[in-house]
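**Q** Structure incoming, see below.
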Amino acid sequence: MQELGFFCSVLIGFCLGLMGGGGSMLTIPVLVYLLGIDPILSTAYSLFVVGTTALIGTVNYIHEQIHYRIALLFSIPSSGVVFVIRRYVIPTIPDPIFVHESFRLSKALAFLLFFAFIMLVASFSMIKGERSQENNGAVLPQYRDSLTILTGILAGSLTGLAGIGGGFLIIPALVILMRLPMKKAVGTSLLIIAVNSFTGFLSDTTMERFNWPFLLVFTSLAVLGILVGSYVSRFVSGLRTRMLFGWSVLGLSVYIIGKEALIPMVKTVQWLCHIH
3 MQELGFFCSV
13 LIGFCLGLMG
23 GGGSMLTIPV
33 LVYLLGIDPI
43 LSTAYSLFVV
53 GTTALIGTVN
63 YIHEQIHYRI
73 ALLFSIPSSG
83 VVFVIRRYVI
93 PTIPDPIFVH
103 ESFRLSKALA
113 FLLFFAFIML
123 VASFSMIKGE
133 RSQENNGAVL
143 PQYRDSLTIL
153 TGILAGSLTG
163 LAGIGGGFLI
173 IPALVILMRL
183 PMKKAVGTSL
193 LIIAVNSFTG
203 FLSDTTMERF
213 NWPFLLVFTS
223 LAVLGILVGS
233 YVSRFVSGLR
243 TRMLFGWSVL
253 GLSVYIIGKE
263 ALIPMVKTVQ
273 WLCHIH
């Protein structure tokens, strides 16, 4: 399983390089279900992996493919929210969160279900696959600043709680709200993801539990993937790729919800029926 997990780490980086986002949608399922890592710890690992790969991916867009003003406007509120959630909110969440008779909602289960729900929403966004019109050279209207800040806060909340980069939310916001060309939106998104992810990772309170040799190997393979993905992105249709990836994310979200919620629920009902 470890070999398969390491192979998937290359795939994670490949997706991030190809589409400018989506890598974290694979990172946590790989860490939890293939490598057996605790879900809460997996969110911290995911932040490091996605942050590193996004930062390296940013290099490919550093010349005239990043809108630094928007990146700054987006990153300040979102990284602030990430810091507060990882440092102060998550440590105060009780475990278990809720217990009633035979039902027990653990902290880890709640995080997995929340993550699966975000995957579900993201998959529909990718599958929808509407091609946004590029508006090269468009100037950011002043009234859009507030929308940028609000979207940044939402993206920061998702990064802090679920350990995801939030590219599926950031890129559409940059293209639709900010009127950025797709290439510039991807480059700007990678920079924002890197800032948010490293903010969340460095403010995490579980750092003493990290397996650094494993994390560095996993991340190095993901970096290899993003280099390949960035190269391949020049030759493939980004729209079709995102749609295909969206279906994969949808399948993963259904699997997580089924495994963690529906199957235990059915077993509980069967057990109660057997008692009565």
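This note's numbering puts the sequence shown at residues 3 to 278. Cβ atoms here follow ideal geometry from the backbone N, Cα and C, with glycine treated the same way. Just so you know, these numbers come straight off a predicted model, no measurement behind them.
#1: Quick check: the stretch 185-204 against the stretch 31-44, are at least 3 beta-carbon pairs closer than 8 Å?
#2: Can you look up V238 in the DSSP assignment and give me helix, strand or coil?
#3: For the candidate residues T153, G165 and A164, whose alpha-carbon lies nearest to that of I173?
#4: Just the Cα atoms here: how many angstroms apart are I92 and A118?
#5: Could you name the residues of the same chain whose beta carbon sits closer than 7 Å to that of G59, not counting the 5 residues immediately before and after it, in chain order?
#6: On the CB-based measure, 16 or more other CB atoms within 10 Å of its CB, does R242 come out buried or exposed?
#7: Going by Cα to Cα distance, which pick from S80, G25 and S48 is closest to L218?
#8: In angstroms with no decimal places, state the Cα-to-Cα distance between R146 and H69.
#9: Using beta-carbon positions only, say whether F100 and L111 come within less than 7 Å of one another.
#10: Would you kindly report the start and end of the unbroken alpha helix (DSSP H) that includes L20?
#11: Quick one: grab the DSSP three-state call for E136.
#12: What residue ranges within the stretch 71-109 form continuous alpha helix (DSSP H) runs of no fewer than 4 residues, ordered along the chain?
#13: Locate the alpha helix (DSSP H) running through Y47, then write down its first and last residues.
#14: Helix, strand or coil, according to DSSP, for T207 in the structure here?
#15: Measuring alpha carbon to alpha carbon, tell me which of M27, A46 and E5 ends up nearest R211.
#16: In angstroms with no decimal places, state the Cα-to-Cα distance between T94 and A224.
#17: Among G25, S26 and S44, which residue has its Cα nearest to the Cα of V34?
#18: Grab me the residues of T190's own chain with a C-beta within less than 7 Å of its C-beta, minus the 5 sequence neighbours each way, in chain order.
#19: How would you call I28, buried or exposed, if buried means at least 16 neighbouring beta carbons within 10 angstroms?
**A** According to the data block:
#1: Remark: fewer than three beta-carbon pairs, one from each stretch, lie closer than 8 Å, so the stretch 31-44 and the stretch 185-204 are not flagged as touching.
#2: As a first step, residue 238 is located in the sequence shown; it is residue number 236 there, counting from the start. Residue state, collapsed to three classes: coil.
#3: Position 171 of the sequence shown, counting from 1, holds the residue named residue 173. Taking only the C-alpha atoms, the option nearest I173 is T153.
#4: As a position in the sequence shown, residue 92 is number 90, starting the count at 1. As a position in the sequence shown, residue 118 is number 116, starting the count at 1. Near 18 Å, if we compare the C-alpha coordinates of A118 and I92.
#5: Walking along the sequence shown from the start, residue 59 turns up at place 57. If we look at G59 and ignore the five residues flanking it on each side, its Cβ neighbours are L18, G19, L192, I228 and S232.
#6: Position 240 of the sequence shown, counted from the first residue, corresponds to residue 242. Exposed, by the Cβ-count rule.
#7: What you label residue 218 is simply residue 216 of the sequence shown in a count that begins at 1. Considering only S80, G25 and S48, the residue with the shortest C-alpha distance to L218 is S48.
#8: As a first step, residue 146 is located in the sequence shown; it is residue number 144 there, counting from the start. As a first step, residue 69 is located in the sequence shown; it is residue number 67 there, counting from the start. Spanning the two alpha carbons is a distance of roughly 15 Å.
#9: Taking the first residue of the sequence shown as 1, we reach residue 100 at position 98. Taking the first residue of the sequence shown as 1, we reach residue 111 at position 109. No, the pair does not count as a contact, with Cβ atoms beyond the cut-off.
#10: Along the sequence shown, one-based indexing puts residue 20 at 18. L20 -> alpha helix (DSSP H) spans Q4 to M21.
#11: Here residue 136 refers to the residue found at position 134 of the sequence shown. Its pLDDT being 47, under 50, E136 is placed unreliably by the model, and the measurement read from it follows with that caveat. In the structure shown, E136 adopts coil according to DSSP, grouped into three states.
#12: Runs of alpha helix (DSSP H) with 4 or more residues, each lying fully within the stretch 71-109, are absent.
#13: As a position in the sequence shown, residue 47 is number 45, starting the count at 1. Under the DSSP assignment, Y47 falls in the alpha helix (DSSP H) whose first and last residues are P41 to V61.
#14: Taking the first residue of the sequence shown as position 1, residue 207 is located at position 205. Three-state result, T207: coil.
#15: Taking the first residue of the sequence shown as position 1, residue 211 is located at position 209. Ranked by Cα distance from R211, the options M27, A46 and E5 are led by A46.
#16: In the sequence shown, counting from the first residue as 1, residue 94 sits at position 92. In the sequence shown, counting from the first residue as 1, residue 224 sits at position 222. Across the structure, T94 and A224 are spaced so that their CA atoms are roughly 32 Å apart.
#17: Numbered from its first residue, the sequence shown carries residue 34 at position 32. Distance from the Cα of V34 is smallest, within the candidate group G25, S26 and S44, for S44.
#18: By one-based count along the sequence shown, residue 190 stands at place 188. Residues I68, H69, I72, A73, L176 and L182 of the same chain have their beta carbon placed closer than 7 Å to that of T190, with the five preceding and five following residues left out of the count.
#19: In the sequence shown, residue 28 corresponds to position 26, counting from 1. Residue identity check: residue 28 is Leu in the sequence provided, not Ile. With 16 or more other Cβ atoms from the protein chains shown falling within 10 Å of its own Cβ, L28 counts as buried.
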